[in-house]
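Chains as they are written, first to last, in my numbering: chain A, -3 to 109; chain B, 16 to 130.
Shown next as structure tokens:
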């Protein structure tokens, strides 16, 4: 069945450093890849997403890259700040209409000040 | 900005009891979802719902589960006879059919504790 693998499970960085989280997906029909940030006890919040017709997308300090051939995508956070500390989930979907999100296991990001 | 809302925020129930979790999706959204997250684990898909019927359901969504859109605003998840392993955070999500048609917006969740 569909599966999304996410690494690492935990990541500690110094404030100001960059953080990279990687995901691979199994369903070759997936064409939409969102990233969600979840703070303790709160709802997952979409922070950035990418569609399969694009290789890279950037939004201020956050960027996502997609390699369709290798079926992997990555989240890059530059100039990390303490408020970036959270759990980050990648997900994959067949996109529009009713299609479900298949989530990775999550990465606990700790930014040390 | 409109948000998905869910009630209650926390539900404690005895094993074998029925529970109903309630969601109010964003008003112009037509796709609705339930996901669950067991403590410390990934978010798992349960069911999607469109045009008053289930679009897709996972293996988790067995005969003990049902969903309903009883009126124009609410979307509910019913668990008929709760089990200990149903203890989890349950998230509702909704999605539009125009604009950002891929993006699912999540509610704050209902923490279900089965004793």
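Using N, Cα and C, we set each Cβ at its ideal position, and we do this for glycine too.
From a predicted model like this one, the values you see are computed outputs, not experimental measurements.
**OP:** Output yes if chain A places a C-beta closer than 8 Å to the C-beta of residue 71 of chain B; else output no.
**Re:** Taking the second chain and counting its residues from 1, the one referred to as residue 71 of chain B is at position 56. At least one chain A Cβ lies under 8 Å of residue 71 of chain B.
Original post:
Assuming residue 130 of chain B and residue 30 of chain B make a contact with CB atoms under 8 Å, what is their CB distance in whole Å?
Top reply: Counted from its first residue, the second chain places residue 130 of chain B at position 115. Counted from its first residue, the second chain places residue 30 of chain B at position 15. Correct: roughly 7 Å between the Cβ atoms.
Original post:
Quick one: what does DSSP say residue 77 of chain B is sitting in, helix, strand or coil?
Top reply: Translated into the one-based positions of the second chain, residue 77 of chain B becomes position 62. Coil.
Original post:
How about residue 2 of chain A and residue 76 of chain A: do their beta carbons lie closer than 8 Å?
Top reply: For the purposes of this step, residue 2 of chain A is taken as the residue at position 6 of the first chain. For the purposes of this step, residue 76 of chain A is taken as the residue at position 80 of the first chain. Taking 8 Å as the Cβ cut-off, residue 2 of chain A and residue 76 of chain A do not qualify as a contacting pair.
Subject >> the segment 49 to 67 of chain A in contact with the segment 19 to 33 of chain B per 3-pair CB rule at 8 Å >> reply: no
Original post:
Are at least three pairs of beta-carbons, each pair with one atom in the segment 30 to 42 of chain B and one in the segment 33 to 45 of chain A, less than 8 Å apart?
Top reply: no
**OP:** Could you pull the start and end residues of the beta strand (DSSP E) that residue 63 of chain B belongs to?
**Re:** Position 48 of the second chain, counting from 1, holds the residue named residue 63 of chain B. From DSSP, the beta strand (DSSP E) with residue 63 of chain B extends over 58 to 65.
Subject >> Close beta carbons around residue 83 of chain B, own chain, < 8 Å, minus the five adjacent residues each side >> reply: Residue numbering aside, residue 83 of chain B sits at position 68 when the second chain is read from its first letter. The answer, listed in chain order, is 90, 91 and 93.
Original post:
Checking contacts by CB at 8 Å: is residue 105 of chain B closer than that to chain A?
Top reply: As a working note, residue 105 of chain B is residue 90 in the second chain. The beta-carbon of residue 105 of chain B is placed no less than 8 Å from the nearest beta-carbon of chain A.
**OP:** Tell me, please, whether the CB atom of residue 81 of chain B is closer than 8 Å to any CB atom in chain A?
**Re:** Position 66 of the second chain, counted from the first residue, corresponds to residue 81 of chain B. Among the CB atoms of chain A, none fall inside 8 Å of the CB of residue 81 of chain B.
Original post:
Using the C-alpha atoms, what's the distance from residue 69 of chain B back to residue 33 of chain B?
Top reply: Residue mapping note: residue 33 of chain B aligns to position 18 of the second chain, counting from 1. Residue mapping note: residue 69 of chain B aligns to position 54 of the second chain, counting from 1. Those two C-alpha atoms are separated by around 21 Å.
Original post:
Taking the DSSP output, what are the residues bridged to residue 9 of chain A?
Top reply: For this step, residue 9 of chain A is matched to residue 13 along the first chain. BP columns for residue 9 of chain A point to A:107.
Original post:
Which residue from A:109, A:7 and A:83 puts its Cα closest to that of residue 58 of chain B?
Top reply: In the second chain, the residue the question calls residue 58 of chain B occupies position 43. Among A:109, A:7 and A:83, the Cα nearest to that of residue 58 of chain B is on A:83.
Original post:
Hey, does residue 102 of chain A have any beta-carbon neighbour from chain B nearer than 8 Å?
Top reply: Position 106 of the first chain, counting from 1, holds the residue named residue 102 of chain A. Interface criterion met: the Cβ of residue 102 of chain A is under 8 Å from a Cβ in chain B.
**OP:** Look at the alpha carbon of residue 30 of chain A and the alpha carbon of residue 47 of chain A, and state the distance between them as a whole number of angstroms.
**Re:** On the first chain, residue 30 of chain A is found 34 positions in, with the first residue counted as 1. On the first chain, residue 47 of chain A is found 51 positions in, with the first residue counted as 1. If you take the alpha carbons of residue 30 of chain A and residue 47 of chain A, they lie about 9 Å apart.
Subject >> Residue from B:113, B:111, B:118 and B:78 whose Cα sits closest to the Cα of residue 96 of chain B >> reply: Residue 96 of chain B sits at position 81 when you count from the first residue of the second chain. Residue 96 of chain B has its Cα closest to that of B:78, out of B:113, B:111, B:118 and B:78.
Subject >> residue 55 of chain A in three-state terms, based on DSSP >> reply: In the first chain, counting from the first residue as 1, residue 55 of chain A sits at position 59. Residue state, collapsed to three classes: strand.
Original post:
Grouping DSSP H, G and I as helix and E and B as strand, with all else coil, what is residue 17 of chain B?
Top reply: For the purposes of this step, residue 17 of chain B is identified with residue 2 of the second chain, where counting begins at 1. In the structure shown, residue 17 of chain B sits in coil (DSSP, three-state: anything other than H, G, I, E or B).
Original post:
What are the start and end residues of each continuous beta strand (DSSP E) run of 3 or more residues lying completely inside the segment 69 to 97 of chain A, in chain order?
Top reply: 82 to 88
Subject >> Closer than 8 Å at the beta carbon, the chain A residues around residue 122 of chain B >> reply: Mapped onto the second chain, residue 122 of chain B falls at position 107. Result: 39.
Original post:
Among residues of its own chain, excluding the 5 on either side of residue 42 of chain A, which ones have a beta-carbon nearer than 7 Å to its beta-carbon?
Top reply: The residue labelled residue 42 of chain A in the question sits at position 46 within the first chain. Excluding positions up to five away in sequence, the list reads 30 and 32.
Original post:
To the nearest angstrom, how far is it from the Cα of residue 119 of chain B to the Cα of residue 125 of chain B?
Top reply: For the purposes of this step, residue 119 of chain B is taken as residue 104 along the second chain, with counting starting at 1. For the purposes of this step, residue 125 of chain B is taken as residue 110 along the second chain, with counting starting at 1. Straight-line spacing of the CA atoms in residue 119 of chain B and residue 125 of chain B works out to 17 Å.
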